[in-house]
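*Asks:*
Chains as they are written, first to last, in full-length UniProt numbering: chain A, 1 to 578; chain B, 1 to 578.
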């Protein structure tokens with residue numbers, strides 16, 4: 001009999017212990033009276049509390065943390081807290097970030113009596129918000145009964161990891177202290193990726209290998225769901241083993257080791273810095289990993305291969321061509337695929353490969369900088385790539401950095417974090433706080449390097465103070481182009497609505513409390529290549545400690561060359577009569 | 001035949017013209033690619049654009065603006081924008097602020113093809129968000145057909161005003177430019193408060209007057225929905241005419257002219273600075289206007305009169321006692337009630353009235369300040385009341401200012417804006433931006449004076465930059481008590497989760513771009529009564545021009561005396577075993 005057989009723990013401790021077991025080190029959130037009591041049990045369960053400035057930001061931070069650690073937790077109050085965070089959770093849902101959202105609600109008697117409690121709509125319906133969350137989470141645990149609560153918690157947490165999507169725990173304030181058995185905590189949650197029926201898996205592997213062996217002009221196209229699908233290593237190994245021309249989609253721009261000779265860069269149809277379409281348009285096989293094929297991630301689907309030549313590898317299915325789909329778990333499948341791959345049977349190198357451009361060649365071909373010239377979007381992302389090191393995590397906010405980041409050349413074991421479909425303004429600064437924290441907890445070295453436009457920065461700027469408060473290490477490059485440049489080039493080049501307030505960005509650390517000498521803050525204004533080279537070459541700057549805030553001035557109408565055409569097209573579509 | 005009979009306008013212009021007709025002068029929001037084209041038509045329709053830093057803040061700002069002007073408009077993009085704003089709209093719904101939320105969505109063909117467009121969840125269901133908004137708005141206009149669009153717009157806008165609650169307009173980007181007839185714009189929208197059937201109204205008035213005439217110990221209790229119900233003047237007149245002891249609830253603390261001799265202050269049961277219960281507990285008639293009886297607004301319902309002695313006057317009904325309810329429109333009813341009130345029949349003054357305390361007496365009885373003493377919550381709100389002038393709008397954020405603001409003594413024609421049930425952290429700073437703008441547009445003079453705790457300030461701080469950007473006039477008193485004091489006193493007095501980051505608040509204007517000499521910014525640090533007196537006495541400070549940011553330091557555990565007991569009780573309830 002287990003030593004804990006008769007012991008109990010309170011429900012809050014039960015939840016927090018489970019989170020700890022899953023690898024959560026810190027819980028993000030904002031306190032509220034319905035959550036206060038539960039928060040007392042965080043530290044004893046081995047968790048840290050990260051108090052964000054508001055709940056939307058806390059949600060974004062949890063999203064970022066989850067993208068690094070594969071799990072995160074957000075704790076908000078009822079109504080106001082959870083609704084504020086909803087946009088972040090919806091984004092985590094859309095982009096497969098596994099966030100456990102715990103909501104501290106009113107005591108159960110308020111539900112029973114339909115009381116007009118604060119944060120309710122005042123009409124006695126206290127389940128409004130939990131109902132909404134059903135649409136944005138893959139499991140909901142309504143913790144109203146001590147008997148069922150532990151099982152509901154366990155089931156929700158397992159779903160969170162298995163589906164890599166948010167789940168929702170509804171914790172009434174009077175359920176925090178109820179006693180539940182401790183013994184289930186001895187059984188680890190079941191989060192191992194499921195295996196497939198070997199015979200089915202083998203036969204599908206063989207079928208796909210046949211397609212691969214008999215192809216003449218194949219390519220690999222890698223998108224960002226490869227990371228939550230847990231097959232980053234496998235896809236890299238596959239790209240390395242086959243030697244096939246390999247491209248990323250924007251969301252998947254950081255999956256493949258950028259130094260791999262057969263990795264050419266991000267495929268953005270006709271709108272990228274490089275044009276791979278002479279090869280991809282005439283290809284006879286596209287191996288598409290972890291796709292999230294939104295309009296923005298594929299330049300209006302122009303970078304999506306034709307269905308009839310595509311094998312799409314998804315988390316729980318593999319689609320061959322336009323009409324065949326197999327339900328299968330990808331992790332196990334990929335291990336088998338790699339195990340059975342016979343490289344001697346691979347097609348001989350297609351002659352067109354020789355003329356394929358690559359982002360590395362593009363960088364090498366850059367002219368030397370003119371020291372006093374202003375920084376331009378076309379070469380900024382290429383040039384700054386030399387600053388990156390293995391294990392760094394690079395974060396690109398929406399807007400011009402998302403586009404520019406396609407040109408990064410990433411060392412092995414780096415991560416690129418960006419958005420594929422959600423594209424919420426301001427998402428990535430709080431996410432960077434969560435990412436920097438996750439990276440610190442992992443303790444594997446590497447730096448957090450973030451690029452964000454000025455308009456985005458304003459949306460969630462106060463989370464810089466959370467970075468400072470918890471003494472996290474981060475680089476923040478503000479790509480300051482004086483407003484919503486991305487939108488200017490779609491429509492309204494000089495329209496007032498594309499302007500933003502005239503902030504003095506480098507004053508931010510002062511407001512946000514970086515006055516403690518124990519935490520190093522560097523701020524830099526960068527207008528020219530010379531300015532940039534000077535700071536990048538500085539050892540103190542390179543070491544990654546503390547906060548480095550860099551205000552990089554760029555022209556207000558500058559975006560990477562070919563992307564200008566994409567934005568123009570988007571604008572034309574916007575103006576088209578119906 | 002009207003001159004516009006055959007003329008058309010585009011749908012965006014139609015909407016904006018209607019908004020203008022209703023008194024909207026400015027539209028709040030954040031641009032997004034789905035909204036850009038429509039924004040071109042704002043200015044030509046006579047509207048200004050206020051670009052907020054994020055959509056939640058824009059929603060809060062629109063909420064504040066609506067509370068002053070009786071209508072406001074918010075324009076956000078699809079998905080990310082509307083979900084970010086949801087918490088603000090839900091608050092407007094709960095507290096009856098009439099906000100028109102226009103959402104620019106993808107073109108109609110994306111709906112038809114279930115395309116994986118950006119800001120969607122990626123599953124082809126593009127109506128997820130509009131479905132959610134049904135729960136938080138009183139009308140939804142899905143503008144997918146040119147033929148029906150104008151009528152849907154008109155109906156929604158009429159509902160917005162009639163119900164004083166948010167409505168939702170879903171505007172696909174390809175519907176912006178469709179042509180609709182111009183002629184309906186000549187017919188004003190029907191927003192006059194409906195009248196009642198005279199006979200029914202008269203008989204109810206008589207019945208209620210009978211109750212009033214035959215009462216022995218009556219009182220008037222005024223709550224905040226009196227303002228959206230449009231009967232502020234009538235209730236003031238009624239209080240003046242009857243001379244009955246009159247109290248506010250916290251949310252209604254600004255409805256009654258604070259200089260009215262029979263207005264005693266805010267009734268907060270046993271937890272206010274004044275205890276009116278010796279009178280109210282033995283009263284035989286409570287006339288309750290505009291009630292929104294949440295737990296927080298009534299101190300756990302302890303300030304709510306017994307049902308059997310209550311007549312509750314609501315927007316569309318009057319409830320007499322525990323079981324009788326009459327459907328009736330309040331505005332017309334109140335005019336009739338006032339018209340038929342015979343003051344000679346009123347009960348003689350109850351002797352208990354003489355011993356009723358009042359907030360004015362409390363202020364008079366205050367000892368002279370000790371110049372070098374720190375500012376305390378118990379007397380700050382009383383003492384600063386002398387700074388207020390007629391036509392000022394006073395705004396109290398949630399937390400200690402909401403509670404302290406109960407002690408304000410308000411001159412005639414001032415407004416007090418606070419929250420009754422929603423109590424969302426950070427709500428009121430963006431709301432203050434909207435309020436200051438609305439006040440400027442009304443052009444009736446008066447100043448916007450805002451009190452907010454430091455924790456709240458951090459939640460939405462960037463909207464200070466919107467105040468600066470549009471050169472709005474506002475006072476912001478940061479009640480700086482080093483964290484979430486309100487919550488500390490509920491639970492976790494020294495808990496880390498009740499701390500906030502250590503900001504240097506007075507640096508905010510610098511970061512936020514107040515470098516333009518054309519806009520005057522004053523910042524002040526206030527630690528003692530002397531400091532406070534010095535600035536309040538300064539003419540430059542009094543004039544209300546520009547931004548006056550005052551960092552008022554208070555003790556981290558200070559709240560008004562009797563309210564401490566309320567928070568302690570809340571904490572005990574939180575800790576009670578179920």
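Just so it is clear, CB atoms sit at the ideal spot from N, CA and C, and this is done for glycine as well.
#1: Just the C-alpha distance for residue 1(B) and residue 335(B), rounded to the nearest angstrom, thanks.
#2: With distances taken from CA atoms, which of 106(B), 412(B), 557(B) is nearest residue 119(B)?
#3: Between the stretch 422-434 of chain A and chain B, which residues of the former have a C-beta closer than 9 Å to a C-beta of the latter?
#4: Which one or two residues does DSSP pair with residue 497(B) in a beta bridge?
#5: For residue 391(A), which of helix, strand or coil comes out of DSSP?
#6: Under the DSSP definition of a beta bridge, which residues are partnered with residue 548(B)?
#7: Taking 8 Å as the threshold (beta carbon to beta carbon), is residue 296(B) in contact with chain A?
#8: Give the residues of chain A in contact with residue 33(B), contact being defined as C-beta atoms less than 8 Å apart.
#9: Given a threshold of 16 other Cβ atoms within 10 Å of its Cβ, counted over all protein chains shown, does residue 256(B) qualify as buried or as exposed?
#10: Quick one: is residue 18(B) near chain A, going by C-beta distance under 8 Å?
#11: Compile a chain-ordered list of the residues in the UniProt domain "Thiamine pyrophosphate enzyme central" (205-338) of chain B whose CB is closer than 7 Å to at least one CB of chain A.
#12: Residues of chain A with CB under 7 Å from residue 557(B), in chain order?
#13: Which residues share a DSSP beta bridge with residue 140(A)?
#14: Could you check which residue in 153(A), 295(A), 469(A), 305(A) has the C-alpha nearest to that of residue 517(A)?
#15: Could one say the Cβ of residue 478(A) lies closer than 8 Å to chain B's Cβ atoms, at least one of them?
#16: Can you give me the C-alpha to C-alpha distance between residue 179(A) and residue 10(A), rounded to a whole angstrom?
#17: Per the DSSP calculation, residue 26(A) is bridged to which residue(s)?
#18: So is residue 493(A) buried or exposed if we call it buried at 16+ other beta carbons inside 10 Å?
#19: With a threshold of 8 Å between beta-carbons, can residue 458(B) be considered close to chain A, or not?
#20: For a contact meaning CB atoms closer than 7 Å, what does residue 53(A) contact in chain B?
#21: Given residue 18(B), which residues of its chain have a CB within under 8 Å of its CB, disregarding the five upstream and five downstream residues?
#22: From this set, 441(A), 432(A), 99(A), 438(A), which residue's C-alpha is nearest residue 463(A)'s C-alpha?
#23: List the residues of chain B whose Cβ lies closer than 7 Å to the Cβ of residue 512(A), in chain order.
#24: Give, in chain order, every residue of the stretch 525-554 of chain A whose Cβ lies closer than 8 Å to some Cβ of chain C.
#25: Counting pairs of beta carbons, one from the stretch 442-459 of chain A and one from the stretch 71-79 of chain A, are three or more of them closer than 8 Å?
#26: Relative to the alpha-carbon of residue 338(B), which residue among 307(B), 240(B), 416(B), 321(B) has its alpha-carbon at the smallest distance?
#27: Taking Cβ-Cβ distances shorter than 7 Å, what residues in chain A pair up with residue 498(B)?
#28: Name the DSSP bridge partner or partners of residue 218(B)?
#29: Grouping DSSP H, G and I as helix and E and B as strand, with all else coil, what is residue 562(A)?
#30: Let me confirm a value: residue 314(B) is counted as buried when at least 16 other C-beta atoms fall within 10 Å, else exposed. Which label applies?
#31: To the nearest angstrom, how far is it from the Cα of residue 502(B) to the Cα of residue 509(A)?
#32: Consult DSSP for residue 416(B) and reduce its assignment to one of helix, strand or coil.
#33: Suppose you measure from the CA of residue 473(A) to the CA of residue 304(B); what does that come to, to the nearest Å?
#34: Measure the alpha-carbon distance for residue 168(B) versus residue 416(A) and round it to whole angstroms.
#35: Using a beta-carbon distance below 8 Å, is residue 39(A) in contact with chain B?
#36: If I measure Cβ to Cβ from residue 111(A) and keep anything under 6 Å in the same chain, skipping five residues before and after, which residues do I get?
*Replies:* For this structure:
#1: Residue confidence is low: residue 1(B) scores 45 on pLDDT, short of 50, so the model does not pin down where it sits. No coordinate-derived value is stated.
#2: 106(B)
#3: 422, 423, 424, 425, 426, 427
#4: In DSSP, residue 497(B) forms no bridge with anything.
#5: coil
#6: 475(B), 522(B)
#7: yes
#8: 487, 490, 491, 570, 574
#9: buried
#10: no
#11: 292, 293, 294, 295, 296
#12: Within chain A, no residue comes near residue 557(B); the closest Cβ sits about 16 Å away, beyond 7 Å.
#13: 168(A)
#14: 469(A)
#15: no
#16: 4 Å
#17: 48(A)
#18: exposed
#19: yes
#20: 458, 459
#21: 153, 154, 157, 185, 189
#22: 432(A)
#23: 501, 503
#24: You won't find chain C in this structure, because its protein chains are A and B.
#25: no
#26: 240(B)
#27: 31
#28: 285(B)
#29: helix
#30: buried
#31: 11 Å
#32: strand
#33: 52 Å
#34: 37 Å
#35: yes
#36: 126
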